[in-house]
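Participant: 1 is the number of the first residue of the sequence shown in full-length UniProt numbering; add one for each residue after it.
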Amino acid sequence: MEGEYYKTKESVDEYIKLAEGFNGADLIKTLKKVLSPNSTVLEIGSGPGSDWKILNESYNVLGSDNSTEFLNHLIAENPNGEFLELDAKTLRTDKKFDGIYSNKVMHHLRNNELAESIKRQHDILNPKGIICHSFWKGEGSEVFKGLFVNYHTKANLKKFYEDSFEILSLEDYQEFDEGDSLLLIAKKK
Ligand SMILES: C[S@@+](CC[C@H](N)C(=O)[O-])C[C@H]1O[C@@H](n2cnc3c(N)ncnc32)[C@H](O)[C@@H]1O
Numbered sequence: 001m002e003g004e005y006y007k008t009k010e011s012v013d014e015y016i017k018l019a020e021g022f023n024g025a026d027l028i029k030t031l032k033k034v035l036s037p038n039s040t041v042l043e044i045g046s047g048p049g050s051d052w053k054i055l056n057e058s059y060n061v062l063g064s065d066n067s068t069e070f071l072n073h074l075i076a077e078n079p080n081g082e083f084l085e086l087d088a089k090t091l092r093t094d095k096k097f098d099g100i101y102s103n104k105v106m107h108h109l110r111n112n113e114l115a116e117s118i119k120r121q122h123d124i125l126n127p128k129g130i131i132c133h134s135f136w137k138g139e140g141s142e143v144f145k146g147l148f149v150n151y152h153t154k155a156n157l158k159k160f161y162e163d164s165f166e167i168l169s170l171e172d173y174q175e176f177d178e179g180d181s182l183l184l185i186a187k188k189k
C-alpha cells in the first residue's frame, strides 16, 4: 500500500540499517555558513536521527517525523532530545523557528503538498528565517517501495520557492551518483 514503508517496525528497522554510515554532515556544514549557532531549528522527517544528532551539536533543534515508528526510535535513542509528530504537509505547530532543515524528505510530497508545506514553513519561521532542504534531482515522479517520489530540477524548485523565499544557494551534490541530488538554502522574504 502506498505510503506504508516508513510506518512499520520492520521497514523502519530495515531503513535504519540501509542508512547506516550516511548522514547530512556536508549539508549541515553549508547550513552553518548562513545560520548562527544556537539558533532554533526544526528538522522535518528526522528518520533514523543521524542528522538530528549533528544539528544538535550546534543548534537548539526540535526533531520531527510523521512516522510513529521513527519517533519511537528517535525518543529511545535520544532521551534528552525533543521530538514532535509532524507532517511536512501541514506542520501543525505554534512554535516558531530560525531555521527549518530536511534531508531527503520533501520529495515525498506531491507538487500541491510541497506548495502547502512551503507556505506553512514561511508561517512558522521567524523573520529572515533560513530553510535548508535536500531533494532528488530529476524530472517526473514514481512510486518506489510503495512510496511516492517526486523529482525536481533547479528551475522547478526555483518556481516553488522564489515568491516567498530569497534563494541563497541551489546546488547539485552527490548522494550515490554524481549530481543526483540538489541542496536548497533560502531565506524568508
Ligand atoms: C528518506 S527518509 C530520510 C530520513 C532522514 N532525514 C535521513 O536523512 O536519513 C524520509 C523520512 O521522512 C519521513 N517522512 C516521509 N513523509 C513525511 C511527511 N509527509 N511528513 C513528515 N515526515 C515524512 C519518513 O518517515 C522518513 O523518516
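Glycine included, every Cβ here is placed at the ideal spot set by N, Cα and C.
(1) In the DSSP assignment, the beta strand (DSSP E) including Ala88 goes from what residue to what residue?
(2) For Ser36, which of Val143, Leu157, Ile130, Lys17 has the nearest alpha-carbon?
(3) Within the region 45–124, note down every full alpha helix (DSSP H) run reaching 4 residues or more, in order along the chain.
(4) Cβ atoms of Asp65 and Leu74: under 8 Å apart, would you say?
(5) By how many angstroms is the C-alpha of Trp136 removed from the C-alpha of Asp177?
(6) Would the beta-carbon of Gly146 be found less than 7 Å away from any heavy atom of ligand 1?
(7) Give the DSSP-derived three-state secondary structure of Leu170 in the structure shown.
(8) Alpha carbon to alpha carbon, what distance is there between Lys158 and Pro127?
(9) Comparing the CB of Leu86 with every heavy atom of ligand 1, is any distance shorter than 7 Å?
(10) Give a single yes or no on whether Ala115 has its beta carbon closer than 7 Å to a heavy atom of ligand 1.
(11) How big is the Cα-Cα spacing for Lys89 and His133?
(12) So, helix, strand or coil for Met1, using DSSP?
(13) Should Ala19 go down as buried or exposed, given a rule of 16 or more other Cβ atoms within 10 Å for buried?
Facilitator: So, from the data block:
(1) Ala88 -> no beta strand (DSSP E), and no H or E assigned at all.
(2) Ile130
(3) 50–58, 68–77, 111–124
(4) Asp65 is positioned such that its CB atom lies closer than 8 Å to that of Leu74.
(5) 11 Å
(6) no
(7) Leu170: strand per DSSP, three-state reduction.
(8) 20 Å
(9) yes
(10) No, since every heavy atom of ligand 1 falls outside the 7 Å radius drawn around the Cβ of Ala115.
(11) If I take the Cα positions, the gap works out to 14 Å.
(12) Low confidence applies here, because Met1 scores a pLDDT of 46, under 50, leaving its location unreliable and the question unanswered by this model.
(13) The Cβ neighbour count for Ala19, taken over all protein chains shown within 10 Å, is under 16; the residue is labelled exposed.
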